[in-house]
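Each residue of the sequence shown is one higher than the one before, starting from 45 at the first, in the numbering used here.
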Amino acid sequence: MSNIVIIGAQWGDEGKGKIVDLMSEKADVVIRFQGGNNAGHTLVIDGVTYKVALLPSGIVRGKMSVIGNGVVVDPLALREEMDRMAALGVKITPDTLKVSELATLILPLHRELDKMSEEAAGKGKIGTTGRGIGPAYQDKVARRAIRVGDLAEKETLEAKVDNLLLFHNALRKGMGQPAVDKAELMKTLDEAAKIILPFAVPAWKVLDEQIKAGKTLLFEGAQATMLDNDFGTYPFVTSSNTIAGQAAVGSGVGMRSIDKVIGVVKAYTTRVGAGPFPTELFDATGDAIRDAGHEYGTNTGRPRRCGWFDAVLVRQALKVNGVQSLAVMKLDILDQFDEIKVCVGYELDGKKLDYYPMQMNAQASVKPVYETLPGWKSSTYGIRDFAKLPEKAQSYLRRLEELLETEISFISTSPEREDTIVLGNPYGK
Ligand code: IMP
Numbered sequence: 045m046s047n048i049v050i051i052g053a054q055w056g057d058e059g060k061g062k063i064v065d066l067m068s069e070k071a072d073v074v075i076r077f078q079g080g081n082n083a084g085h086t087l088v089i090d091g092v093t094y095k096v097a098l099l100p101s102g103i104v105r106g107k108m109s110v111i112g113n114g115v116v117v118d119p120l121a122l123r124e125e126m127d128r129m130a131a132l133g134v135k136i137t138p139d140t141l142k143v144s145e146l147a148t149l150i151l152p153l154h155r156e157l158d159k160m161s162e163e164a165a166g167k168g169k170i171g172t173t174g175r176g177i178g179p180a181y182q183d184k185v186a187r188r189a190i191r192v193g194d195l196a197e198k199e200t201l202e203a204k205v206d207n208l209l210l211f212h213n214a215l216r217k218g219m220g221q222p223a224v225d226k227a228e229l230m231k232t233l234d235e236a237a238k239i240i241l242p243f244a245v246p247a248w249k250v251l252d253e254q255i256k257a258g259k260t261l262l263f264e265g266a267q268a269t270m271l272d273n274d275f276g277t278y279p280f281v282t283s284s285n286t287i288a289g290q291a292a293v294g295s296g297v298g299m300r301s302i303d304k305v306i307g308v309v310k311a312y313t314t315r316v317g318a319g320p321f322p323t324e325l326f327d328a329t330g331d332a333i334r335d336a337g338h339e340y341g342t343n344t345g346r347p348r349r350c351g352w353f354d355a356v357l358v359r360q361a362l363k364v365n366g367v368q369s370l371a372v373m374k375l376d377i378l379d380q381f382d383e384i385k386v387c388v389g390y391e392l393d394g395k396k397l398d399y400y401p402m403q404m405n406a407q408a409s410v411k412p413v414y415e416t417l418p419g420w421k422s423s424t425y426g427i428r429d430f431a432k433l434p435e436k437a438q439s440y441l442r443r444l445e446e447l448l449e450t451e452i453s454f455i456s457t458s459p460e461r462e463d464t465i466v467l468g469n470p471y472g473k
């Protein structure tokens with residue numbers, strides 16, 4: 045297998061976990077390169093459901109799993125997740141889990157600030173996961189973050205904490221909140237050191253050694269392109285770059301060691317949290333998609349907003365990632381519909397657009413131009429062979445390929461990993 049990056053091409057929750065799991069069987073190392081425990085990847089293996097948030101999905105299969113420097117790590121959440129995995133029989137050791145010592149820590153003050161900022165924003169809130177992701181990245185960029193490796197150097201840690209609190213206490217004062225209890229924070233950091241230091245390594249070096257040994261790497265994207273801090277529906281986005289280019293930056297692996305990018309989409313669209321969503325459905329069809337697709341957040345349980353497939357948005361996403369091949373998930377959820385719509389363009393103030401504009405008002409007011417395709421009205425659940433799909437389902441997929449200018453390599457017809465149609469050789473270069 046070649047070294048592959050897997051990214052989401054919509055607003056997240058596309059089903060990347062299943063594709064990563066399929067591929068991780070063939071890969072030697074699975075790497076997270078951005079985000080944190082705001083992600084929620086569900087894997088179903090032999091009827092057992094595993095939900096990972098911060099840990100790379102490869103951990104479930106005992107693969108070397110790397111949390112790269114681009115990730116923000118909440119040590120307490122990491123411990124909880126490791127305990128949950130242990131209860132399901134997943135063994136995690138310093139041989140299987142490697143955490144970059146350059147990764148930024150999420151502290152309780154970040155989680156608090158995430159919630160306070162959302163409350164203060166009122167109607168303008170982003171609808172974050174409340175995990176402290178944004179505030180931790182803000183500290184990283186502002187050069188006051190505490191990083192995993194800092195926990196090993198006790199003599200400089202307190203000065204780092206003082207510097208961090210200088211900013212946070214001033215901010216909290218302005219927001220009418222009590223100052224951070226420094227002694228309490230030092231205790232948390234002590235605990236964090238015990239949890240995380242056994243796994244802390246210069247991950248770039250570990251990965252270099254793996255590459256030299258001819259091992260194959262799988263980069264597991266979290267969130268998705270429309271939540272990317274640059275290319276997404278800003279400001280309704282996450283605080284990291286989620287696109288494939290980040291795989292190199294967020295892991296310390298040179299770009300030339302990455303061979304291929306695979307994009308994952310649902311056969312329709314969903315979004316959690318606030319922000320524009322041109323093809324959103326507010327009617328019984330939207331409810332039917334939500335019910336059939338069990339569209340509720342893996343992590344937060346929030347109902348997801350549902351709508352038709354937006355080929356304009358996805359085509360844009362595929363371009364900025366350099367996606368070579370596509371996985372289409374949850375095809376079976378569309379089985380029930382008489383007609384299926386696909387957005388093929390937008391209209392704004394009487395003008396036609398073939399891309400999604402960047403201005404907030406424009407993003408909220410574009411009208412999708414739909415193409416209507418006939419539904420297949422029969423079950424595709426569990427089909428593993430393209431030729432066995434109803435003809436109209438085949439046509440739907442072929443039309444998506446045309447609109448997206450990208451070939452489809454995987455079609456998923458149930459949560460079970462075996463219920464996947466594989467076309468061509470997506471594992472090769
Ligand atoms: P944050 O990442 O918690 O700051 O949230 C920012 C936005 O990204 C919100 O709209 C979240 O709902 C969304 N988001 C973050 N992580 C995920 C994910 O893994 N799947 C889907 N949406 C996500």
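Glycine included, C-beta positions come from ideal geometry on N, C-alpha and C.
Buried or exposed by the 16-neighbour rule on C-beta atoms within 10 Å, applied to residue i
i    : result
Y440 : buried
R300 : exposed
S422 : exposed
M67  : buried
H338 : exposed
R477 : Residue 477 is absent from the structure shown; the chain starts at 45 and stops at 473.
M402 : exposed
V132 : It is worth fixing the name first, because residue 132 is Leu in this sequence and not Val. The residue in question, L132, is exposed, as its Cβ has fewer than 16 Cβ neighbours within 10 Å.
L210 : exposed
T137 : exposed
F326 : exposed
M270 : buried
V64  : buried
K62  : buried
D57  : buried
K473 : exposed
Beta-bridge partners of residue i, as assigned by DSSP
i    : result
A244 : V143
L99  : DSSP, once it has assigned bridges, lists no residue as partnering L99.
Y278 : In DSSP, Y278 forms no bridge with anything.
P418 : E383
A257 : Answer by DSSP bridge pairing: none, since A257 is not bridged.
Y390 : L397 and P412
Y94  : L87
K304 : I48
Y340 : P347
E264 : I50 and R76
Cβ distance (whole Å) where residue i is taken to contact residue j below 8 Å
i    : j    : result
L149 : V117 : 6 Å
K385 : T416 : 5 Å
K142 : F77  : With a Cβ gap of about 13 Å, K142 and F77 do not count as contacting.
Q100 : E264 : According to the sequence as given, residue 100 is Pro; it is not Gln. Going by Cβ atoms, the distance from P100 to E264 rounds to 5 Å, so yes, they are a contact pair.
I51  : V305 : 7 Å
G112 : S144 : 5 Å
L251 : G296 : 6 Å
R191 : N81  : The pair is not a contact, with the Cβ atoms about 17 Å apart (cut-off 8 Å).
D272 : I287 : 5 Å
R349 : E324 : 5 Å
Q54  : V364 : Incorrect: roughly 13 Å between the Cβ atoms, too far for contact.
P470 : S453 : 4 Å
V356 : Y390 : 6 Å
A247 : L195 : The Cβ separation is near 15 Å, so there is no contact.
Option nearest residue i by Cα separation, candidates the options
i    : options                   : result
W315 : L157, Q267 and L447       : The question names Trp, yet the displayed sequence has Arg at residue 315. Per the Cα distances, Q267.
V245 : S458, S456, A147 and T450 : A147
K374 : P179, T344, G59 and G394  : G59
G341 : G317, N273, D327 and F326 : G317
M160 : D274, Y471 and L215       : L215
N47  : D72, G61, A53 and I63     : D72
K436 : Q380, E124, D57 and K256  : Q380
N405 : T277, L271, V293 and T200 : T277
A408 : K396, L392 and P418       : L392
G193 : V185, L241, H154 and N213 : L241
A83  : Q290, V115, F321 and V110 : V115
E449 : K217, G366, K256 and A164 : G366
T464 : F430, Q438 and G168       : F430
Any 3 or more C-beta pairs closer than 8 Å across the segment 278–292 and the segment 95–102: no
With a threshold of 8 Å, are at least 3 pairs of Cβ atoms found where one atom belongs to the segment 217–233 and the other to the segment 194–205? yes
Counting Cβ pairs, one atom from each stretch, are 3 or more of them under 8 Å apart for the segment 434–452 and the segment 354–371? Taking 8 Å as the limit for Cβ pairs, the verdict is that the segment 354–371 does touch the segment 434–452.
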